[in-house]
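To keep things clear, I will list the structure first and then write my remarks on it.
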Amino acid sequence: MGTAIVDKNKNYLNEKSGLWSWLTTLDHKRIGIMYMIAVMFFFLLGGIFAMLIRAELFKVGPTLFTSPQYNQVMTLHGAIMVFMVIIPGIPAFLGNFFLPIQLGAKDVAFPRINLLSWYCLIVGAAVVFWSLLHHGVDTGWTFYTPYSISTSNGTTWVVAGAFIIGFSSILTGLNFIATVHKLRAPGMNFWRMPLFVWALYSTAILQVLATPVLGITLLLLVAERVMGIGIFDAKLGGDPVLFQHFFWFYSHPAVYIMILPAMGVVSELIATFSRKTIFGYKAIALSSVGIAAVSFFVWGHHMFVSGQSEVAGIIFSFLTMLVGVPTAIKVFNWVATIYKGSVRFDTPMLYALGFLFLFTIGGVTGIILATIATDVHFHDTYFVVAHFHYVMVGGTLMAIMGGIYYWIPKMFGRMYNEYWARITFVLIFVGFNVTFFPQFVLGALGMPRRYFDYLPVYEPLNRISSVGAWTIGVGFLIGLFVIIQAIFKGEKAPENPWGGKTLEWQTASPPPHENFHNQPVVTAGPYEYR
Amino acid sequence: MFWPSSAQASTFMPVQASKIAMHVDSLYEFLLWASLISCVLVIGGFILFSIKYKRKSESDRTPYISHNNLLEFLWSFIPFVVFMVVFAWGFFVYREMRTMPQDGLEILVEGQKWNWTFYYKSGKISAGELWVPENTPIKLVMTSKDVIHSFYLPAFRNKQDVVPGRYTALTFNAEKKGDYQVFCTEYCGDQHSAMLAKLHVVTREEFDRWLANDPYKGLSLTEIGQKVYGSRCAMCHSQSDVKMVGPGWKGLYGSSRTFVSGDPVAKVDENYIRESILNPNAKVVVGFGPASAMPTFAGQLSEQEIMAIIELIKGLK
Amino acid sequence: MNTANSTKHHYAHHFESAEHEYQTSKFGLWLFLCTEILMFGGLFVGYAIFHHKYPELFKAGSHFLDWRLGSLNTVVLLISSFTMALSIYYAQMNDRAKTLINLYITLICGFIFMGVKFFEYSHKIHEGLLPGHLFHYAGEGANAVANLPLYFSFYFCMTGLHGTHVLAGLFLIAWLIVRTHRGEFGPKYYTPLECVGLFWHLIDLIWIYLFPLLYLVG
Chain A
1 MGTAIVDKNK NYLNEKSGLW SWLTTLDHKR IGIMYMIAVM FFFLLGGIFA MLIRAELFKV
61 GPTLFTSPQY NQVMTLHGAI MVFMVIIPGI PAFLGNFFLP IQLGAKDVAF PRINLLSWYC
121 LIVGAAVVFW SLLHHGVDTG WTFYTPYSIS TSNGTTWVVA GAFIIGFSSI LTGLNFIATV
181 HKLRAPGMNF WRMPLFVWAL YSTAILQVLA TPVLGITLLL LVAERVMGIG IFDAKLGGDP
241 VLFQHFFWFY SHPAVYIMIL PAMGVVSELI ATFSRKTIFG YKAIALSSVG IAAVSFFVWG
301 HHMFVSGQSE VAGIIFSFLT MLVGVPTAIK VFNWVATIYK GSVRFDTPML YALGFLFLFT
361 IGGVTGIILA TIATDVHFHD TYFVVAHFHY VMVGGTLMAI MGGIYYWIPK MFGRMYNEYW
421 ARITFVLIFV GFNVTFFPQF VLGALGMPRR YFDYLPVYEP LNRISSVGAW TIGVGFLIGL
481 FVIIQAIFKG EKAPENPWGG KTLEWQTASP PPHENFHNQP VVTAGPYEYR
Chain B
1001 MFWPSSAQAS TFMPVQASKI AMHVDSLYEF LLWASLISCV LVIGGFILFS IKYKRKSESD
1061 RTPYISHNNL LEFLWSFIPF VVFMVVFAWG FFVYREMRTM PQDGLEILVE GQKWNWTFYY
1121 KSGKISAGEL WVPENTPIKL VMTSKDVIHS FYLPAFRNKQ DVVPGRYTAL TFNAEKKGDY
1181 QVFCTEYCGD QHSAMLAKLH VVTREEFDRW LANDPYKGLS LTEIGQKVYG SRCAMCHSQS
1241 DVKMVGPGWK GLYGSSRTFV SGDPVAKVDE NYIRESILNP NAKVVVGFGP ASAMPTFAGQ
1301 LSEQEIMAII ELIKGLK
Chain C
2001 MNTANSTKHH YAHHFESAEH EYQTSKFGLW LFLCTEILMF GGLFVGYAIF HHKYPELFKA
2061 GSHFLDWRLG SLNTVVLLIS SFTMALSIYY AQMNDRAKTL INLYITLICG FIFMGVKFFE
2121 YSHKIHEGLL PGHLFHYAGE GANAVANLPL YFSFYFCMTG LHGTHVLAGL FLIAWLIVRT
2181 HRGEFGPKYY TPLECVGLFW HLIDLIWIYL FPLLYLVG
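Protein chains in written order, with the working numbering: chain A, 1 to 530; chain B, 1001 to 1317; chain C, 2001 to 2218.
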């Protein structure tokens, strides 16, 4: 197959046209682009909510909202960012586009399921937004029982929406595992797979094994709200803390669903822009799998003060420390890759270095939270808020941005504006630290999270934080324009602008429908800069 | 700079009100220094390398370094050892924190939206104010009437979720007299951030005096009402006609109320107010339903306090 | 006719061969079954925790169920699993008539299962033996044990989720019957039969756990 006449001008973008051809496409690249549009839209929404939160918290006392309104905004910010932006962000968008190409495959294993998973995300999101017409939702994205059982009607819709979005995640993961196992190009053995693929593979295992547990938990919560089944309701003999166990059994691995793909992107960026083979390839690859495996056994560290047994808390603290080790290994390997490299500071690399900077801070504060005695103080304060923003935004979002700039030339065959892209980076990076670093101090001083209002002692740091948040907002807005400008008006990009060695740089920009004009045959590892 | 000074843990933490707080802070200080060192190593390392090895020309070649077993072993093993030290240290401090005193002063704590109530063995009930004697082991036995709350004492570096349907416990031993803040740290709805309480640490004599003292002695009924309002009602009710979570109280007495259930319109009188305090779901007013957001105060307010509230509302015309 | 047709099955463009496609589909289906097991796993863990907490509750609850109906359903599902396997075997043997007969038997068994379930459910609904708030049974043994509604929460959630899967399975088997009638399956191409078959076996397997846990416990 595939030996028909090759038209060099045909690519996946212009091969067919019209909205309908996009909405019914089975091409993983087009589905990836559709994910990009959806995720960017959700990100814009979630970002607006973030700006509103920081506006409310700018000063003591009510500023913009009443407390029920604030609680809804806070909940939607969390739910949108977690379920619709960070989780699908890298795997479903960049992963969908590049996993098959990096493996030398023509598509993912199950293209129709791939499209179905996109629709699951859209339908799920629609159901979540539908809740806004039903008094919204004010539970926080964690839906803790019994509060979530008794609060406004919108909660049922949001929970149902998150359940549907879960299918999207499961189906993507399933597709990736099957693709990695069954569709590698000739010569592409496991030890020749790019680290981005390794990261996605580990992520996919988590998606497939953890998400169904969230699914049943959310279903039970819906049943609890509709029928009052009582499993999570102490009044009926149930156990509200059981919900937290179920929820975190998914949602802790979900944290790695969010960060592992980002680590994969960063591995690609650092190798390419240092023009050097990655240091400790096997260690990075296996540490992804190791993190995935151990992450199933650490959920209880979200519950040190929940009333679970003290022995359980201590065991979970211990296991959480173990997850720290493979994470540390990765960071050291990246730094070692830069050593004696030939480093270029294009925007993607700036984001990768930004990732290293912020993720390191996020990582060490993670250890502070994993230590059970200190976590008792920091749990549910702004320290935790700062920590997970350092990991999720400073880590994952930085990687998404870096990945977008890195792969825009390949995805759209066009270059972005380097000058404005760097300005965006500086705004986001500086704004980010101004926003979230003060929150560590706020948390240490004891300011609890999910607070509509706070004591006056916390006001100065909150003001700094709000100013930082708006800086990030401006940064992302400019970034959005840089991306749109690149897609429609950018200069034509060469096949391999960065000198990358992985397979996606061996094909045309943008790639043809079946990814390669000739089936690639792999004879060496992914980062052979000799 | 920021990091070094924040490594002086106590300067960026609330006051230390107990020995355990000091132990937590020493661990935190160690963690901050360890974090600082690792951040300097990693961040400094990659900044140094990336500047030193900046690309000179597009024909640059780089050495092929695939791995180094000794180095990789070291940077896996050293963090592992550090993590284990931290874990063990955390474990010992945690155990100290969680060991319940045998002969401590026990106080029952009840959380509900959005109030803390403290029950003393002498029968004294206190709302929003926890009084304890200094240098005495205190054991709080806690439960919730509605959703999960969390009892957080920043100055003692201690917190514990308060769960409906079961008892959880928290212990502390205050070494410094003073007033300390109590927060609710488990999100519990509208007025979560207003669910505050004050911890007063006083001498044994003052404590005994407080325990024996009738707080309402010599006060008029309306003044008692104002006190109860401040600790119980102010989160949800204004004394003007502004609607918060519940209705404002100005002009409430004698006004007509229409109910969700379709019961006949009724005028607000003494019995109506009493019923609303003890059984808020009996008559839910249109605009505040379907179910009332108000918890019951049965068992928490004395007859005198209920009457004082009624008196207060009657006076707000 | 059907042989000619079945050899004509075109595998999707991104596979190397029909065998490659078959192996990949089966692999994907196994992954899907993993997700199913974990989803039910959540319920089973919940069951285990509450059974540990209130053993007498589950014992008392099981007395409200008729073990004979449960056994009947178990036998029916076991038969259907067997005929499902046979239908795949006959498709491999290229015997369309026997494939169809076995698929029909599977379908009928599935319907019997759902029929019995419908009978059980309507009886429970009528009696008021319902989950949580909906529970309004006042007959014999209603107050013998605390939290009786909780047992029925588990009963309805577990059998309800399982029943939804049976319905989905029935829908898929009906779709297989249509395609078999069209002669789309044969020794060279029977992937959908194989995949639905695996799914159906899993449903059967889950019932085999549900039956003793709900009907025979205590």
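Note that the Cβ used here is the ideal one computed from N, Cα and C, for glycine as well.
**Asked** So does the stretch 193-213 of chain A actually touch the stretch 260-267 of chain A, counting three or more Cβ pairs closer than 8 Å?
**Response** Judged by Cβ distances under 8 Å, the stretch 193-213 of chain A makes contact with the stretch 260-267 of chain A, as three or more pairs qualify.
**Request:** Rounded to whole angstroms, what's the CA-CA distance from Arg-1166 (chain B) to Met-227 (chain A)? Just pull it up for me.
**Result:** Within the model, the alpha-carbon separation for Arg-1166 (chain B) versus Met-227 (chain A) is close to 23 Å.
**Prompt:** Tell me which same chain residues have a C-beta within less than 8 Å of the C-beta of Asn-2147 (chain C), skipping the five on either side of it?
**Reply:** Counting only Cβ-Cβ distances below 8 Å, and skipping sequence neighbours, we find Tyr-2054, Leu-2057.
**Prompt:** Does the beta carbon of Ala-4 (chain A) come closer than 8 Å to any beta carbon on chain C?
**Reply:** Residue confidence for Ala-4 (chain A) is low, a pLDDT of 49 falling below 50, so the modelled location carries little weight; the figure read from the coordinates is stated next. It does not: the Cβ of Ala-4 (chain A) has no partner Cβ on chain C nearer than 8 Å.
**Request:** Could you list which residues in chain A have their beta carbon closer than 7 Å to that of Phe-2032 (chain C), in chain order?
**Result:** Correct list: Leu-174.
**Request:** Use the C-beta contact count for Trp-248 (chain A): other C-beta atoms within 10 angstroms, 16 or more gives buried, fewer gives exposed.
**Result:** The residue is buried, with at least 16 neighbouring Cβ atoms inside 10 Å.
**Message:** For a test of the three-state rule: what should DSSP assign to Phe-1999 (chain C), helix, strand or coil?
**Reply:** The structure shown has nothing for residue 1999 (chain C), since chain C only spans 2001 to 2218.
**Request:** List the DSSP bridge partners of Val-1201 (chain B).
**Result:** Under DSSP, Val-1201 (chain B) forms a beta bridge with B:Val-1132, B:Gly-1178.
**Request:** Measure the C-alpha to C-alpha separation of Leu-1041 (chain B) and Leu-2198 (chain C) and round it to an integer number of angstroms.
**Result:** Straight-line Cα distance between these residues: approximately 53 Å.
**Prompt:** Would you call the stretch 275-291 of chain A and the stretch 302-321 of chain A touching, i.e. three or more CB-CB distances under 8 Å?
**Reply:** Using a C-beta cut-off of 8 Å, the stretch 275-291 of chain A makes no contact with the stretch 302-321 of chain A, since fewer than three inter-stretch Cβ pairs fall below that distance.
**Request:** Drop a sphere of 10 angstroms on the beta-carbon of Gln-1160 (chain B), count the other beta-carbons inside from all chains shown, and report buried for 16 or more, exposed for fewer.
**Result:** Residue environment: Gln-1160 (chain B) is assigned as buried (16 or more neighbouring CB atoms within 10 Å of its CB, all protein chains considered).
**Message:** I'd like to know if Met-321 (chain A) contacts chain B, where contact means its C-beta is closer than 8 Å to some C-beta of that chain.
**Reply:** Look at Met-321 (chain A): its C-beta is under 8 Å from a C-beta on chain B.
**Message:** For a quick check, are the C-beta atoms of Ile-2208 (chain C) and Thr-2074 (chain C) less than 8 Å apart?
**Reply:** Result yes, Cβ atoms of Ile-2208 (chain C) and Thr-2074 (chain C) sit closer than 8 Å.
**Asked** Mind listing which residues of the stretch 2156-2173 of chain C have their C-beta closer than 9 Å to chain A's C-betas, in chain order?
**Response** Correct list: Phe-2156, Cys-2157, Gly-2160, Leu-2161.
**Cβ shell of His-387 (chain A) (< 7 Å), same chain only, five flanking positions each side left out** = These residues qualify, in order along the chain: Gly-362, Thr-365, Gly-366, Leu-369.
**CB of Val-127 (chain A) within 8 Å of CB of Gly-161 (chain A), strictly** = A Cβ-Cβ contact shorter than 8 Å links Val-127 (chain A) with Gly-161 (chain A).
**Item:** chain A contact for Ala-1194 (chain B) (CB, 8 Å cutoff)
**Value:** Between Ala-1194 (chain B) and chain A, the shortest Cβ-Cβ separation is below 8 Å.
**Asked** So, is Ile-428 (chain A) buried or exposed, given that buried needs 16 or more other C-beta atoms within 10 angstroms?
**Response** By the 10 Å Cβ count, Ile-428 (chain A) comes out buried.
**Request:** Could you tell me the distance, in whole angstroms, from the CA atom of Phe-332 (chain A) to the CA atom of Leu-2033 (chain C)?
**Result:** Just so you know, the alpha carbons of Phe-332 (chain A) and Leu-2033 (chain C) end up roughly 38 Å apart.
**Asked** Are any of the Cβ atoms in chain A nearer than 8 Å to that of Ser-2017 (chain C)?
**Response** Using a Cβ-Cβ cut-off of 8 Å, Ser-2017 (chain C) does not count as an interface residue toward chain A, since no Cβ of chain A sits closer than that to its own.
**Message:** Quick check on the DSSP output: the alpha helix (DSSP H) that includes Gln-1160 (chain B) runs from which residue to which?
**Reply:** Per DSSP, Gln-1160 (chain B) lies in no alpha helix (DSSP H) segment; the continuous beta strand (DSSP E) that holds it begins and ends at 1158-1162.
**Prompt:** Is it a yes or a no for the stretch 2081-2088 of chain C touching the stretch 2127-2141 of chain C, going by three-plus beta-carbon pairs under 8 Å?
**Reply:** Contact check between the stretch 2081-2088 of chain C and the stretch 2127-2141 of chain C: fewer than three CB pairs, one atom from each, fall below 8 Å, which does not count as touching.
**Message:** With a threshold of 7 Å on Cβ separation, who are the neighbours of Val-1268 (chain B) within its own chain once the five nearest residues in sequence on each side are excluded?
**Reply:** Within the same chain, Val-1268 (chain B) has close Cβ partners Leu-1252, Tyr-1253, Gly-1254, Ser-1255, Arg-1257.
**Request:** Taking all protein chains shown into account, decide if Ser-1005 (chain B) is buried (16 or more other Cβ within 10 angstroms of its Cβ) or exposed.
**Result:** Legend: pLDDT at Ser-1005 (chain B) = 34, less than 50; position of this residue unreliable, no value from coordinates given.
**Asked** Could one say the Cβ of Val-213 (chain A) lies closer than 8 Å to chain C's Cβ atoms, at least one of them?
**Response** Residue-level contact by beta carbon holds for Val-213 (chain A) and chain C, with a gap shorter than 8 Å.
**Asked** So what does DSSP say about Leu-1153 (chain B), is it helix, strand or coil?
**Response** Looking at Leu-1153 (chain B) - three-state DSSP - the assignment turns out to be strand.
**Item:** Residue ranges of each alpha helix (DSSP H) within the stretch 261-316 of chain A, 4 or longer
**Value:** Those alpha helix (DSSP H) runs which fall completely within the stretch 261-316 of chain A and span 4+ residues are 281-294.
**Message:** Residues of chain A with CB closer than 8 Å to the CB of Asn-2147 (chain C), please, in chain order.
**Reply:** Per Cβ cutoff of 8 Å: Gly-230, Leu-236, Gly-237.
**Prompt:** Would Thr-523 (chain A) be called buried (16 or more neighbouring beta carbons within 10 Å of its own) or exposed?
**Reply:** Classification of Thr-523 (chain A): exposed, given that the 10 Å Cβ count is below 16.
**Request:** Determine the DSSP secondary structure at Ser-152 (chain A), reduced to helix, strand or coil.
**Result:** Of the three classes helix, strand and coil, the one that applies to Ser-152 (chain A) here is coil, per DSSP.
**Prompt:** In three-state DSSP terms, what is Gly-1111 (chain B)?
**Reply:** Strand at Gly-1111 (chain B).
**Asked** Are the stretch 1274-1287 of chain B and the stretch 1209-1216 of chain B touching, with three or more C-beta to C-beta distances below 8 Å?
**Response** Taking 8 Å as the limit for Cβ pairs, the verdict is that the stretch 1209-1216 of chain B does not touch the stretch 1274-1287 of chain B.
**Message:** Given a cut-off of 8 Å on the beta-carbon distance, is the pair Leu-2193 (chain C) and Leu-209 (chain A) in contact?
**Reply:** Not closer than 8 Å, so no.
**Message:** Between the alpha carbons of Ser-2006 (chain C) and Tyr-2189 (chain C), how many angstroms are there, rounded?
**Reply:** Legend: pLDDT at Ser-2006 (chain C) = 43, less than 50; position of this residue unreliable, value from coordinates given subsequently. Their backbone Cα atoms lie some 6 Å apart in a straight line.
**Prompt:** Taking Cβ to Cβ, would you say Glu-1110 (chain B) is nearer than 8 Å to Val-1201 (chain B)?
**Reply:** No, they are not a contact pair.
**Request:** With distances taken Cα to Cα, identify the nearest neighbour of Glu-29 (chain A) among A:Asn-189, A:Ala-283, A:Pro-100, A:Tyr-454.
**Result:** The sequence given here has Lys at residue 29 (chain A), not Glu. Of A:Asn-189, A:Ala-283, A:Pro-100, A:Tyr-454, the residue nearest in Cα terms is A:Pro-100.
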